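Participant:
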């Protein structure tokens, strides 16, 4: 069974072109979402694995960007489909994961996503190390400046005529 999936991201966009392409690709059922690709929740896409529930079923889309909001998200969706033995067909890019070339394409995409994630982690570590070297520790800026801290300490240490502290600070719990 071929299930078509389309998505338009704005209210002013129209799904007719995707619908027509999916119908021409012999999709027996067509699911359309009207939501931003950034949203993780897309009800019609969530229905796709329920509709395509037999090994060999296919989820057909017109373009990769209609399916996922990022490379990582595409890989995640592809893996979900693979575990259910559902193939992915991308009409405009000529990708079909039922073929060895299509599976290889997604494995390469997975490797690229992994590489991209590793680079991002490395850049973050390098940036934090450089900031620490400049004396920045990250986090929120102190509420009190050095002069205010000095004044607070002086006030805390100040004693009244009877020898008791003039100002007190409650203990931390």
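Residue numbers (the working numbering): 1 to 173.
Note that CB positions come from ideal geometry on N, CA and C, so glycine has one too.
Computed from a prediction, not measured in an experiment: that's the story for all the values here.
Helix, strand or coil for residue 5 per DSSP?
Facilitator: Counted from its first residue, the chain shown places residue 5 at position 5. Three-state DSSP puts residue 5 in a strand.
Participant: Using the DSSP secondary-structure output, state which residues sit across from residue 95 in a beta bridge.
Facilitator: Your numbering for residue 95 matches position 95 in the chain shown. In the DSSP output, where bridge partners are listed per residue, residue 95 has 90.
Participant: Between the beta-carbon of residue 2 and the beta-carbon of residue 58, is there less than 8 angstroms?
Facilitator: Taking the first residue of the chain shown as 1, we reach residue 2 at position 2. Taking the first residue of the chain shown as 1, we reach residue 58 at position 58. Yes.
Participant: Span of the beta strand (DSSP E) holding residue 149?
Facilitator: Counting from 1 along the chain shown, the entry for residue 149 is found at position 149. In the DSSP assignment, residue 149 falls outside any beta strand (DSSP E) and lies within the alpha helix (DSSP H) extending over 146-157.
Participant: Are the beta-carbon atoms belonging to residue 61 and residue 67 less than 8 angstroms from one another?
Facilitator: Stepping through the chain shown from its first residue, residue 61 is reached at position 61. Stepping through the chain shown from its first residue, residue 67 is reached at position 67. Yes.
Participant: The alpha helix (DSSP H) that contains residue 20, what's its start and end?
Facilitator: For the purposes of this step, residue 20 is taken as the residue at position 20 of the chain shown. Looking at the DSSP string, the run of the alpha helix (DSSP H) that includes residue 20 is 16-24.
Participant: Could you have a look at residue 65 and say whether DSSP puts it in helix, strand or coil?
Facilitator: As a first step, residue 65 is located in the chain shown; it is residue number 65 there, counting from the start. Correct three-state label for residue 65: helix.
Participant: State the CB to CB distance for the pair residue 95 and residue 102, rounded to an integer number of angstroms; the pair is presumed to be in contact (CB under 8 angstroms).
Facilitator: The residue given as residue 95 occupies position 95 in the chain shown. The residue given as residue 102 occupies position 102 in the chain shown. Residue 95 to residue 102, Cβ: 5 angstroms. Contact.
Participant: Measure the C-alpha to C-alpha separation of residue 110 and residue 97 and round it to an integer number of angstroms.
Facilitator: For the purposes of this step, residue 110 is taken as residue 110 along the chain shown, with counting starting at 1. For the purposes of this step, residue 97 is taken as residue 97 along the chain shown, with counting starting at 1. Cα-Cα distance, rounded: 13 angstroms.
Participant: Going by Cα to Cα distance, which pick from 115, 31 and 26 is closest to residue 15?
Facilitator: Taking the first residue of the chain shown as 1, we reach residue 15 at position 15. Selected option, being the one with the closest Cα: 31.
Participant: Return yes when the Cβ of residue 48 is within less than 8 angstroms of the Cβ of residue 5, no when it is not.
Facilitator: Taking the chain shown and counting its residues from 1, one reaches residue 5 at position 5. Taking the chain shown and counting its residues from 1, one reaches residue 48 at position 48. A contact, by the Cβ cut-off of 8 angstroms.
Participant: Output needed for residue 155: all residues of its chain with C-beta closer than 8 angstroms, excluding positions within five of it in sequence on either side, in chain order.
Facilitator: If you number the chain shown from 1, residue 155 lands on position 155. Only 166 and 167 meet the Cβ criterion.
Participant: Would you mind stating whether residue 131 and residue 139 have Cβ atoms separated by less than 8 angstroms?
Facilitator: In the chain shown, residue 131 corresponds to position 131, counting from 1. In the chain shown, residue 139 corresponds to position 139, counting from 1. Not closer than 8 angstroms, so no.
Participant: Work out the CA separation of residue 136 and residue 19 for me, nearest whole Å.
Facilitator: As a working note, residue 19 is residue 19 in the chain shown. As a working note, residue 136 is residue 136 in the chain shown. Residue 136 has its alpha-carbon roughly 54 angstroms from the corresponding atom of residue 19.
Participant: For residue 7 and residue 33, which I take to be in contact (beta-carbon distance under 8 angstroms), what is that distance rounded to the nearest angstrom?
Facilitator: Position 7 of the chain shown, counted from the first residue, corresponds to residue 7. Position 33 of the chain shown, counted from the first residue, corresponds to residue 33. About 5 angstroms; that satisfies the 8 angstroms criterion.
Participant: How many angstroms separate the CA atom of residue 160 from the CA atom of residue 143?
Facilitator: For the purposes of this step, residue 160 is taken as the residue at position 160 of the chain shown. For the purposes of this step, residue 143 is taken as the residue at position 143 of the chain shown. Distance between the alpha carbons of residue 160 and residue 143 is about 28 angstroms.
Participant: Taking DSSP as the reference, what is the three-state secondary structure of residue 174?
Facilitator: Given that the chain is displayed from residue 1 to residue 173, the structure contains no residue 174 and the question cannot be resolved.
Participant: Would residue 133 pass as a contact of residue 91 if the rule is Cβ separation under 8 angstroms?
Facilitator: In the chain shown, residue 133 corresponds to position 133, counting from 1. In the chain shown, residue 91 corresponds to position 91, counting from 1. Not closer than 8 angstroms, so no.
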